[in-house]
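Per the working numbering, the sequence shown runs over residues 4 to 369.
Below is one structure; the comments refer to it alone.
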Amino acid sequence: MWPQHLKTNASSPDPKRIRRALTGWYDLHRRNLPWRDTQDPYAIWISEIMLQQTRVETVVPYFLRFLARFPNAKTLARAPLGEVLKVWENLGYYTRVRNLHKAAGEIVERFGGKIPDRWEEILLLSGVGRYTAGAILSIAFGRNVPAIDGNVRRVISRLFAIEESVDDTATRKRIEERVGTLVPKRDPGRFNQALMELGAVCCTPKTPACPACPLQDDCRARVQGIAHRLPVRGKKKSIPHREVVSAVIRDGNGRLLIVQRPARGLLGSLWKFPGGILNPEEPPEEGLARIARTELGIEIGVGSPLAAVKHAYTHFRITLTAFSCTLREGIPTGSPWRWAGTGELEELPFSKADRLIARSVAPATG
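Here's what the structure looks like:
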């Protein structure tokens, strides 16, 4: 059950009117998305994890491919992590898929292969937080609990003219309380999806389409003329930039030396070319030789740059430059490594930046 302390009697526009207007709008205007054609808890779980910080149009083909390959928790749990990562490749935020794979094992081991339908139990799964739990429980199981993502916070902050930062814990709790008074006992999943849809297509961040909004008559921010400056966010931190280098090393058969990243951390378990982040002001040739020595215990000769790509992560940006290199001394040790031909490179999971490098130095054939 949703924690009882979140049920409040805070003054608000008439909940029945809001529910009726919002769900009526949703039934007419909702987008046709594959996860809305099912109440399968597994499919809904997969879609909600994929949709975190990722655009809907990007998710749709990945969702369909993922379910075709792993149609239930048991098949996902049995699959090797490398295979799962490959299906996820380029969707980004790889912690999500590692947690999916881990949680599938937990579902099989603890719950007989079925997604748990209780608040306390579903929160035990790796990678499942309050929003994901609320979405699964309301949509798949009909539990009248909120599902609050960024879209919902934006809608509620405008609907109730909340002028405190939505990044503050107290404000988030206040929004949670507001939504808790609105979610109906009957068909709560439809209401939660309608609220998220409104934020995604109508109550958008910069230019909300207020004239088309079904809640415009109840929206305090619209009445006060402040919708355009809500929600209030904390001051954005500057995003640092990092210079990253990698070594393209071939053996006598033309195969390329690649390394598997540690299981934990950013891009965990994906493959890459030897290399890493340069120290401040470090010459790239010196830095790459240093990293190869530390990572694999080898001495390399660093030649000319072959390719460079820019990429942005959540908290930093990189420029990745690949250099033509030779193995001068030593046999690779330490990190898992292998020599791989072009076909093998295509079969293994790489990050988007590393994949671009791989295809520039060893174009796929056929």
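Glycine is no exception: its CB is placed at the ideal position from the N, C-alpha and C atoms.
Distance check for residue j and residue i, CA to CA, integer angstroms please.
i, j, result
"Ile252", "Val182", "56 Å"
"Met199", "Thr41", "17 Å"
"Gly115", "Tyr45", "13 Å"
"Ala76", "Arg189", "28 Å"
"Asp221", "Leu162", "7 Å"
"Ala310", "Val248", "10 Å"
"Pro16", "Lys238", "31 Å"
"Arg101", "Pro83", "11 Å"
"Gln380", "Val169", "Because the chain here runs from 4 to 369, residue 380 falls outside it and cannot be looked at."
"Leu269", "Gln219", "42 Å"
"Gly130", "Leu88", "16 Å"
"Pro211", "Arg39", "24 Å"
"Ala107", "Leu79", "6 Å"
"Trp274", "Thr329", "20 Å"
"Gly29", "Leu201", "With the sequence shown as reference, residue 29 is identified as Tyr, and Gly is not the correct amino acid for it. Whole-angstrom Cα-Cα distance: 8 Å."
"Ile303", "Glu332", "7 Å"
"Gly27", "Gly279", "53 Å"
"Phe194", "Leu359", "41 Å"
"Arg146", "Leu140", "5 Å"
Taking DSSP as the reference, what is the three-state secondary structure of residue i?
i, result
"Phe69", "helix"
"Thr396", "Nothing about residue 396 can be reported from this structure: the residues present for the chain run from 4 to 369 only."
"Glu371", "In the structure displayed, the chain extends from 4 to 369; residue 371 sits before or after that span and is not available."
"Pro18", "helix"
"Phe353", "strand"
"Ala325", "strand"
"Gly341", "Here residue 341 turns out to be Arg, not Gly, going by the sequence shown. In this structure, Arg341 counts as strand in the three-state DSSP scheme."
"Tyr134", "helix"
"Asp221", "coil"
"Leu127", "coil"
"Glu167", "coil"
"Thr1", "In the structure as shown, the chain starts at 4 and stops at 369, and residue 1 therefore has no counterpart that could be examined."
"Asp30", "helix"
"Val204", "helix"
"Val186", "coil"
Using DSSP bridges, identify the partner residues of residue i.
i, result
"Glu332", "Glu302"
- Return the chain-ordered ranges of every alpha helix (DSSP H) run that is complete within the region 238 to 323 and spans a minimum of 4 residues. 287 to 299
- Is it a yes or a no for the region 333 to 345 touching the region 252 to 262, going by three-plus beta-carbon pairs under 8 Å? yes
- Do the region 232 to 246 and the region 315 to 324 touch if we need at least three Cβ pairs shorter than 8 Å? yes
- Query: Does the region 89 to 97 come close enough to the region 60 to 71 to have 3 or more Cβ pairs within less than 8 Å?
  - Reply: yes
- Check whether the region 159 to 174 touches the region 211 to 230, counting contact only when three or more Cβ pairs, one atom from each stretch, lie closer than 8 Å. yes
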